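Engineer: Quick note: to get this note's numbering, add 3 to the position in the sequence shown (first position is 1).
Would you mind keeping the following structure in view while I ask a few things?
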Amino acid sequence: MEIIRGYKTELDLNNQQRTRCWQHAGCARFAYNWGLARKQAAYAARQAAADPQSVKIPTAMDLHKALNALKPTAFPWMYQSSKCAPQEALRDLDTAFSNFFARRAKYPKFKKRSKGIGSFTLTGAIHVGPDWIQLPHIGKVRLFEHGYLPQDTHLDTQDRKTRKKRKQKHRTGIGVTEPAHYLSATVSEHAGHWFVSVQVKQIVPEPEPATGESIGVDLGIKTLAVCSDGREIPNPKAMRGNLGKLQRTQRHHSKKQKGSNNRKKSKQEVARIHYRVGCIREDALHQATAQMTAKAKPISERPQAIILEDLNVGGMLKNHKLAQAIADVGLGEFRRQMTYKARWYGNRLYAAHRFFPSTQLCSQCHRLPTVPLDLSVRTYQCEHCGLVLDRDLNAARNLVWLYTASSAEINACGEIVRPIVLALAAVSVKQEPNTE
Ligand SMILES: [Zn+2]
Numbered sequence: 004m005e006i007i008r009g010y011k012t013e014l015d016l017n018n019q020q021r022t023r024c025w026q027h028a029g030c031a032r033f034a035y036n037w038g039l040a041r042k043q044a045a046y047a048a049r050q051a052a053a054d055p056q057s058v059k060i061p062t063a064m065d066l067h068k069a070l071n072a073l074k075p076t077a078f079p080w081m082y083q084s085s086k087c088a089p090q091e092a093l094r095d096l097d098t099a100f101s102n103f104f105a106r107r108a109k110y111p112k113f114k115k116r117s118k119g120i121g122s123f124t125l126t127g128a129i130h131v132g133p134d135w136i137q138l139p140h141i142g143k144v145r146l147f148e149h150g151y152l153p154q155d156t157h158l159d160t161q162d163r164k165t166r167k168k169r170k171q172k173h174r175t176g177i178g179v180t181e182p183a184h185y186l187s188a189t190v191s192e193h194a195g196h197w198f199v200s201v202q203v204k205q206i207v208p209e210p211e212p213a214t215g216e217s218i219g220v221d222l223g224i225k226t227l228a229v230c231s232d233g234r235e236i237p238n239p240k241a242m243r244g245n246l247g248k249l250q251r252t253q254r255h256h257s258k259k260q261k262g263s264n265n266r267k268k269s270k271q272e273v274a275r276i277h278y279r280v281g282c283i284r285e286d287a288l289h290q291a292t293a294q295m296t297a298k299a300k301p302i303s304e305r306p307q308a309i310i311l312e313d314l315n316v317g318g319m320l321k322n323h324k325l326a327q328a329i330a331d332v333g334l335g336e337f338r339r340q341m342t343y344k345a346r347w348y349g350n351r352l353y354a355a356h357r358f359f360p361s362t363q364l365c366s367q368c369h370r371l372p373t374v375p376l377d378l379s380v381r382t383y384q385c386e387h388c389g390l391v392l393d394r395d396l397n398a399a400r401n402l403v404w405l406y407t408a409s410s411a412e413i414n415a416c417g418e419i420v421r422p423i424v425l426a427l428a429a430v431s432v433k434q435e436p437n438t439e
């Protein structure tokens, strides 16, 4: 199967390259803001016009053409950078607007230099060796992490040797048969570090369906995930642990005099803590999802089906008390990773319907309590059969039970035929870039 996969790794830039990256990021930011101003003007004109349909809102393509026409006279400095940087920035702007109209995001804002150097995207000839990446206009950049990025076909003989060695060690977990094809590279800055994230098209063998025991996974806030076989994945509580530190640093930062060197320094400190929190969260989620799909194990030990609850993450985020905790564990991201990893490693992924009472049912006798269980009770006690079990574990077991009880009813297409099993739905896989 063909997959599009993302890889992100840190760049080891020299001074010249760093300057070029600054220039490109500046170009991208300028184009974005310029395009946003044009779009805003168009929307304002549309509102004022008698016939709204007569006012056309410029698309990324229109804006790119207009910008190119202005370049020689108004912005000659843009020629120093790749034309991709403004082009992709304008595309991002289009996405920002469509996300806004789909109510997935807030209204696009102007990008301020003071908020960060930002990023830029390059397409075209991108080549990768064991410890370098060649980017258009930036040049051959060294990578801190050796052998992480899959290599492409354009290699000289010396690299081919190392590539052979590398092939045996490649740690993606899915056998890569064909050389990778690089679609794009986005270079970004975080807390003083520069990263590249690349989109790679790879042909990988279709995974054999996993045949191991199915598992149910109950996601929570106290523990990140509880598995029906008793495994618990603790929540790193990345944010909470660092929250005090972050608040303290932010408070110090706000008291520094504007424009002073100390203010600059404390700002970097705040950025570093944010970055660290992000890293801890990302790492915990990847480890958890990798463990659930059991990618390191043979097919006979990988769970054939993984059943999740259908958590309404968006709805829960509106509840302010829960919001911080949920944003902290990244439940939405957990689900997203499970979706693509299950596809890569041959597991079938299901989500129980929102109204399946996974926390209320008894996982032994499958009866509901007469009085609904309060959410604060951490231990499940069955009034019918006397089962005493951890609440989350009970829920995880119910999810597996739902699968086994209804798997006979799931026909070959994975569709559900009987109303009793409407509680279970296969999670559809969108082909979108995934970063591991
Ligand atoms: Zn019971």
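For glycine and all other residues, C-beta sits at the position ideal for the given N, C-alpha and C.
Owing to the predicted nature of the structure, the values given are computational and were not obtained by experimental measurement.
1) Who does Tyr110 pair with in a DSSP beta bridge?
2) Output the distance between the C-alpha atoms of Ala51 and Gln43, rounded to the nearest integer angstrom.
3) Consult DSSP for Cys87 and reduce its assignment to one of helix, strand or coil.
4) With distances taken between CB atoms, is the gap from Asn350 to Pro306 smaller than 8 Å?
5) Taking 7 Å as the cut-off, does the CB of Arg400 come closer than this to any heavy atom belonging to ligand 2?
6) Does the beta-carbon of Arg357 have 16 or more other beta-carbons within 10 angstroms, so that it is buried, or is it exposed?
7) Using only the heavy atoms of ligand 1, determine whether one of them is closer than 7 Å to the beta carbon of Leu390.
8) If you compare alpha carbons, which of Ala69, Pro89 and Met4 is closest to Gly29?
9) Run the CB neighbour count on Ser122, radius 10 Å, all protein chains shown included, and call it buried at 16 or more, exposed below.
10) Report the rounded CA-to-CA distance for Glu13 versus His196, giving the unit in angstroms.
11) First and last residue of the beta strand (DSSP E) that includes Arg8?
12) Could you give the distance in angstroms between the alpha-carbon of Gln83 and the alpha-carbon of Leu138?
13) Nearest to Pro360 by CA position, among Gln384, Val380, Glu312 and Thr226, is which residue?
14) Applying the criterion that 16 or more other CB atoms from any shown protein chain within 10 Å of the CB defines a buried residue, is Asp377 buried or exposed?
15) What residue range does the beta strand (DSSP E) around Lys143 cover?
16) Between which two residues does the alpha helix (DSSP H) containing Ala345 stretch?
17) Does Lys172 come out as helix, strand or coil in the three-state DSSP assignment?
18) Would you check if the distance between the CB atom of Leu392 and the CB atom of Ser409 is smaller than 8 Å?
19) Would you identify the three-state DSSP class for Cys388, choosing helix, strand or coil?
20) Would Gly132 be called buried (16 or more neighbouring beta carbons within 10 Å of its own) or exposed?
21) Since Tyr278 is in the alpha helix (DSSP H), which residue starts that stretch and which ends it?
22) Starting from Arg23, trace the beta strand (DSSP E) both ways and give me its first and last residue.
23) With DSSP run on the structure shown, which of helix, strand or coil describes Ala251?
24) For Ala415, count the other beta carbons within 10 Å of its own beta carbon; 16 or more makes it buried, fewer makes it exposed. Which is it?
25) Thinking C-alpha only, which one of Ala183, Lys115, His255 and Pro237 is nearest Asp395?
26) When burial is assigned at 16 or more other CB atoms within 10 Å of the CB, is Leu402 buried or exposed?
27) Going by DSSP, what residue range makes up the beta strand (DSSP E) through Lys204?
28) Would you check if the segment 31–39 and the segment 63–70 touch, i.e. whether three or more CB-CB distances between them fall below 8 Å?
29) Would the beta-carbon of Arg394 be found less than 7 Å away from any heavy atom of ligand 1?
30) Any heavy atom of ligand 1 within a distance shorter than 7 Å of the CB on Gln367?
31) Note down, in chain order, each residue of its chain lying with its Cβ closer than 6 Å to the Cβ of Ala194, except the 5 sequence neighbours on either side.
Structural biologist: Straight from the coordinates:
1) Looking at the DSSP assignment, Tyr110 forms no beta bridge with any residue, so it has no partner.
2) 12 Å
3) Looking at Cys87 - three-state DSSP - the assignment turns out to be helix.
4) Closer than 8 Å, so yes.
5) The ligand content of the structure shown is limited to ligand 1, which means ligand 2 is not among them.
6) exposed
7) yes
8) Pro89
9) buried
10) 7 Å
11) Unbroken beta strand (DSSP E) run through Arg8: Glu5 to Asp15.
12) C-alpha separation (whole angstroms): 15 Å.
13) Glu312
14) exposed
15) Gly142 to Leu146
16) Leu334 to Tyr348
17) For Lys172, the pLDDT reaches just 47, beneath the cut-off of 50, and the residue's location in the model is therefore unreliable, leaving the point undetermined.
18) No, they are not a contact pair.
19) Of the three classes helix, strand and coil, the one that applies to Cys388 here is coil, per DSSP.
20) buried
21) Per DSSP, Tyr278 belongs to the alpha helix (DSSP H) from Asn264 to Thr296.
22) Careful: Arg23 lies outside any beta strand (DSSP E), inside the alpha helix (DSSP H) at Asn18 to Ala51.
23) For the sequence presented, residue 251 should be read as Arg rather than Ala. Residue state, collapsed to three classes: helix.
24) Its pLDDT being 42, under 50, Ala415 is placed unreliably by the model, and nothing is read from it.
25) Pro237
26) Buried, since its Cβ has 16 or more Cβ neighbours within 10 Å.
27) His196 to Ile206
28) yes
29) no
30) yes
31) Ala274, Arg275 and Tyr278
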